[in-house]
Amino acid sequence: MLKFLISRLLQSVPVILIVVTATFFLVRAAPGGPFDEEKAVLPEVRKALEAQYKLDLPLHEQYFAYLGDLFQGDLGPSFKYPGRSVNEILASGLPITAELGFYALLIALVIGGTAGVFAALKPNTKQDYIPMTLAMVGICMPSFLLGPLLVLVFGIYLELLPIAGWGMLPGDKILPSVTLGSAYAAYVARLSRAGMLEVLSQDYIRTARAKGLPEWQVVVRHALRGGIIPVVAFLGPAFAGLLAGSFVVETIFQIPGLGRFYVQAAFNRDYTMILGTTVFLSTLIVFFNLLSDVAAAWLNPRLRAQFQGGK
Amino acid sequence: MAAAPGSATSRNPWFSLATDPSTAATTRGWVETLATRYRQTAWAVGTLALSALLITTGCGGGESNVDSGNRDGIFHLANAAEPQGLDPHAVTGVPENRILRSLFEGLVVKNPYTLEPEPGVAQRWTISDDGLVYTFHLNPEARWSNGEVINASDFIWSWNRALHPETGNRNAYMLYPVKNAERYAKGELKDFTAVGIAALDESTLEVTLEAPTPYFLQLMDHYAAYAVHPETLLQFGEMTDRFTAWTRPGNLIGNGAFNLDDWAMNRFIKVRKNDTYWDRENVSLNGIVYHPIDNQTLEERMFRVGQVHRTYEVPLDKVPDYRQMPDTLYHQDPYIGTYYYLVNIDKSPVDDPRVRRALSMAVDRELLTRSVMQSIVTPAYSMVPPGTLGYQPPQLFTFDPAAARELLAEAGYPGGEGWPGLEILYNTHEAHRKIAIAIQQMWKKHLGVTVTLTNQEWKVYSDSVKTGDYQIARRGWIGDYVDPNTFLELFLTGGGNNNTGFADPIFDNLVSQKAPRAKTREVRYAYFVEAETRLIETMPIIPIYTYNSRYLLHPSVEGMPGNLMDSLNWKYVTLVPGRQLPDAMQ
Amino acid sequence: MNTLADTASPDSADTGSSLWQDAWIRLRRNKPAVGGAYVLLFLIVISLLTPWIAPYDYEVQNLDLGASPPSAQHWLGTDVFGRDLLTQIMYGGRVSLMVGFIATAVALLIGVTWGAVAGYVGGRLDAAMMRIVDILYALPFMIFIVLLMVVFGRNILLLFLAIGAVEWLTMARIMRSQVQSLRQQEFVEAAISLGLSQSAIIRRHVVPNALGPIIVYTTLTIPSVMLLEAFLSFLGLGIQPPKTSWGLLISFGAETMEEYPWLLIFPGLALTVTLFSLNFLGDGLRDALDVRGSKD
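Those protein sequences? They're chains B, D and V, same order as listed.
Numbers 1 to 311, taken from the working numbering, label the letters of the first sequence in order.
Numbers 1001 to 1586, taken from the working numbering, label the letters of the second sequence in order.
Numbers 2001 to 2296, taken from the working numbering, label the letters of the third sequence in order.
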């Protein structure tokens, strides 16, 4: 296990390096620079701006300078927001997005997981159809639609909850968490149902049943662990995808999180910001994919042999 | 996770359970422990998190921003976007402008009702007879927010910074009417003392211009011409640095009616009344909270539930409902901006002026603005908006599909026959899309020509237009000041915002030589009419509509009139407690 | 072949042709699945016939009419340009169904192959393949889209490429985790010991048994692909007005949900119906192919 972890962590170094390098050159290749606006920028002003951000150096020098700074943990100044560093912006947005993502995933796992498992226990009955129908509606309902709809109903018609913000008014975290969580809940429900169905038909479950264990014990002790493997495989990227996925929710509810920066940086060609968020995102992806692989292995001891045998 | 029980043993309980029932007893014990532990952890985490969610958020209403604001004199403004920054010489944009003009004040400010200049830092001023020398007498009561007196030298230092080639100030051109300013900004002139700004004494500033500039006083109200506090900037870096922390709360020293109080990125900017401001007796508000809301639907909803006093815009489709309300809260005022299509006159088939005229005459602007745009804009037939400080542009064409078809036939495409195709380029935006769809259909219906639409993401679009990689592209231009010049100078040969290939020496001469030297406004405007006539006859642009500013304003707000520049003077704004939104809003 | 199948997976009737025949029979007995298939078929036929049967020309505007609620002339109402909404939805379905199916098929093909190979072969190859997936996850998608447009210009094929490029990644991860867990099950090991070629094992034993979650994930992918298309069109990569799609209709309808609810409800309904049919069909397929479950 330890060997597996170490080797995966070692693998992550080239992964992040490749991502950084590819992103660095990709963003430079995209048309339109950070200083382009509809109103033409005077040539003398452009020159001064490029000099201030060292964009006048040859590209490879810029690249190595960036890598040098990166190793020291310095992500550089933002192009879009003069006077702010990318580190500072990430530090201010991260806790918020992390909190939002945590609540959302919690909602997804609790609601989606429960619904999926119950549905799988009695396939093709009401207990299956009702939660699965809701899940399908959840999938059909993209957050750009669900968010404003929830705001309209709970914020404006019923006047129960604040319609925007994060941690500014009591209750303002509920609607964004539900909006972001429901999309994932739908996926979790569908995948856990499928996974459970798969497992419930396997030999060892039959053995367990044959031994006369109560149904709930069979489910909770034996089936659940195997049944949620597809969910766990989905969760790795889903976790990391929250960063990009929370963009829509953060925009709808005006939440000062990272998701907005991640997307807007690309629109603004805020080079350092794009790179900063990408470095961060790739670290997250490597980490959560690793975590989800480990979790899958833990849930399925058959796989553990691989880690031990060094296969 | 790595320490999962059993991971170190060679026995594989999962596998053996499935194949060898005999070991099931021991295995079950193991699985049980594990499942229990797993469940307990999951429950603990879940319960904790859910209760955290409920506690930190809690339910319940509370007082709205507008209610508390009216009581405490705090104005809540929906301000579109997080400002790039608060350094007047490093940023551009309308949201930035609205914040900056609460924190700083120029030599001269605009009256929000008349747009006439009135005293700012300068108590009074004189203009020489030839219109070249402006003498500003600073108000001895004008202070920085740390209590220091504002000197003439502060302005000289600041203008040096605003123009300095290393500052990279995108609005430096606002000061180009000043003698030698352009040469200094381009680095052709190293010595700033040669630039036409000098201190006659501590409190007298003399500005010499390159040529007479009738709108020069208006420019003094632009943030590019604001003074910044030299010692504060130098404390955090060099004069020309863009990155320093001098604009942070606690650091920023300004000279406006308000001080920077708090700034949370993408949340709010709070300013509170400045006790050292010279005209503090006339400032009614105790503070302003700027909410960066970049979502029109949301800001309208925030307005509806009393979270902001004024919105930045109004969603197009909400306008009819708001208009029908008695004593409507919807405000729409003429705005000095034109929406038009740029035509790349070097590209076939629009390289033929007859084609361009035909296209323009086949756009039913009345119908377009009335239907798709819900009458929130006004049809435009000229580049300069009519009534810009008394200027009346020539109207050289009308909607006339028959004449348009004839022109098109003359150009060799009778009824659209042989038409090679044409592409309209616009940047991704709902309003641009709607207009393009309507115009696409009008051209098809009236001229029989097919047109394709292409939208590009903002930076790509800007790049395509700049490099001339387009046939027809949308463009909007908002005047920098109230004068026809701000629209017409765009089309000078080789101008950075011309982008059409239009090049006419006679036009250039009229706009940049004859008009500035005209003795009277009538003569000057006559030159402009002549220039604009040449422009519209060549038709490198297809004017579509003139902008209006549109916003929702809470009934408790007074002193916030609409004007051509959508110019805001916070000094005039007052809040009257007790006025509520009409019930019909819900 | 028969003996092998019996040894490898005692529960299954895994003989080349009868596997699929059995599945087909089971599928036809599953009423929701058959219903879903008919609805999908109906939608596809409507889409194919749209140019001939649409009630109006999708381009023609009636600006003075503007957005109007459902009426006798316009059954589903009109949009802000006065264009018939039913016509818009019919034409939009052509785009959405095509994008949904083709892009998902691309993602499915790449993702399943990639995941199956990585999961089955394991070791260094697995590590390398999955790290490539990690890298692609991390690259900024929007910059990638912009560059695609710049390099290749506008092209409907690009749309499929762009969507496939992102959607196959999760598919690959799910497939890999399935294969890994199947890899060590007894029937696969038996097949290995019998000396079956690797590709035969993957095709005959691993993939069919891993299909459950894959089918489910596929049916989840199709609607998200349809919505992704709207986002890409928004960025300028997808289709251009006056052409439209369900995703675009829904995203524009969402903006005016209070004023013109029908502009949201009807396109949303079209997407929902499609999704439900797909899911019923998908579940039916899953059950039909689930060789073990079938004996219960």
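For glycine and all other residues, C-beta sits at the position ideal for the given N, C-alpha and C.
Note that the structure is predicted; figures quoted are calculated from it, not measured.
- One finds Asp2134 in chain V with Cβ atoms closer than 7 Å to the Cβ of B:Asn289, taken in chain order.
- When the alpha-carbon of D:Ala1518 is set against those of D:Ala1503, D:Pro1212 and D:Ala1473, the nearest one is in D:Pro1212.
- Between B:Phe118 and chain D, the shortest Cβ-Cβ separation is not below 8 Å.
- Secondary structure note for V:Ser2199: its alpha helix (DSSP H) is the uninterrupted segment Gln2198 to Ile2201.
- Residues of the stretch 1340-1371 of chain D with a Cβ closer than 7 Å to any Cβ of chain V, in chain order: Leu1367 and Ser1371.
- In summary, B:Val13 is exposed, with fewer than 16 beta-carbon neighbours lying within 10 Å of its beta-carbon over all protein chains present.
- Within 10 angstroms of the beta-carbon of V:Arg2028 lie fewer than 16 other beta-carbons, which makes it exposed.
- Along the stretch 1423-1438 of chain D, the positions whose C-beta sits under 8 Å from a C-beta of chain V are Thr1428, Glu1430, Arg1433, Lys1434, Ala1436, Ile1437 and Ala1438, read in chain order.
- When 9 Å is used as the limit between beta carbons, D:Glu1210 is near no residue of chain V, the shortest such separation being about 41 Å.
- In this structure, the straight-line span from the alpha carbon of B:Val27 to that of B:Tyr271 is close to 7 Å.
- Residue D:Val1557 holds the alpha-carbon nearest to the alpha-carbon of D:Ile1074 among D:Pro1582, D:Leu1568, D:Ser1567 and D:Val1557.
- The beta carbon of B:Ala183 sits no closer than 8 Å to any beta carbon of chain D.
- In the three-state scheme derived from DSSP, where H, G and I count as helix and E and B as strand, D:Ala1198 is classed as strand.
- Annotated as proximal: D:Ala1090 and B:Pro82, with beta-carbon spacing under 8 Å.
- Here D:Leu1359 has Trp1443 and Ile1542 as same chain residues with Cβ atoms under 7 Å from its own Cβ, once five neighbours each way along the sequence are excluded.
- Contact of D:Glu1299 with chain V is not assigned, every C-beta pair being separated by 8 Å or more.
- Each residue's CA atom was taken as its position, placing D:Tyr1113 and D:Tyr1547 some 19 Å apart.
- Along the stretch 1393-1466 of chain D, the beta strand (DSSP E) occurs as fully enclosed runs of 3 or more residues at 1422-1427 and 1451-1456, listed in sequence order.
- Taking 8 Å as the cut-off, the beta carbon of D:Leu1329 is found closer than this to the beta carbon of D:Tyr1322.
- In this structure, the beta-carbon distance from D:Leu1453 to D:Leu1252 does not fall below 8 Å.
- Taking all protein chains shown into account, V:Thr2221 has 16 or more neighbouring C-beta atoms within 10 Å of its C-beta and is therefore buried.
- Of V:Leu2048, V:Ala2165, V:His2074 and V:Gly2119, the smallest CA-CA separation from V:Gln2198 is found for V:Gly2119.
- Pairing D:Lys1571 with D:Val1283 gives a Cβ-Cβ distance under 8 Å.
- Shown in chain order are the members of the stretch 1229-1255 of chain D whose Cβ falls below 9 Å from a Cβ of chain B: Thr1240, Asp1241, Arg1242, Phe1243, Thr1244, Ala1245, Trp1246, Thr1247 and Arg1248.
- C-alpha of V:Ser2233 to C-alpha of V:Tyr2091: approximately 16 Å in a straight line.
- Here B:Leu75 carries a coil assignment [DSSP, helix/strand/coil].
- A straight-line Cα-Cα distance of about 18 Å links B:Leu258 and D:Ala1080.
- Every alpha helix (DSSP H) stretch that sits fully inside the stretch 1060-1108 of chain D and reaches 4 residues is listed by chain position as 1065-1072 and 1094-1103.
- Contact between the stretch 1356-1370 of chain D and the stretch 1308-1324 of chain D is not established, with fewer than three Cβ pairs separated by less than 8 Å.
- For the beta strand (DSSP E) assignment, the uninterrupted runs of no fewer than 3 residues enclosed by the stretch 1466-1523 of chain D are, from N- to C-terminal side, 1472-1478.
- The beta carbons of D:Leu1581 and D:Gly1306 sit about 6 Å from each other, so the pair counts as a contact at 8 Å.
- With respect to chain B, the C-beta atom of V:Gly2238 has no partner C-beta closer than 8 Å.
- Considering only beta carbons, the part of the stretch 2-15 of chain B lying closer than 9 Å to chain V consists of Ser7, Arg8, Gln11, Ser12, Pro14 and Val15, in chain order.
- D:Arg1143 sits in a strand when the DSSP states are folded into three classes.
- With its beta carbon at least 8 Å from every one in chain V, D:Thr1388 lies outside the interface.
- Distance from the CA of D:Thr1208 to the CA of D:Ile1127, rounded to the nearest whole angstrom, comes to 10 Å.
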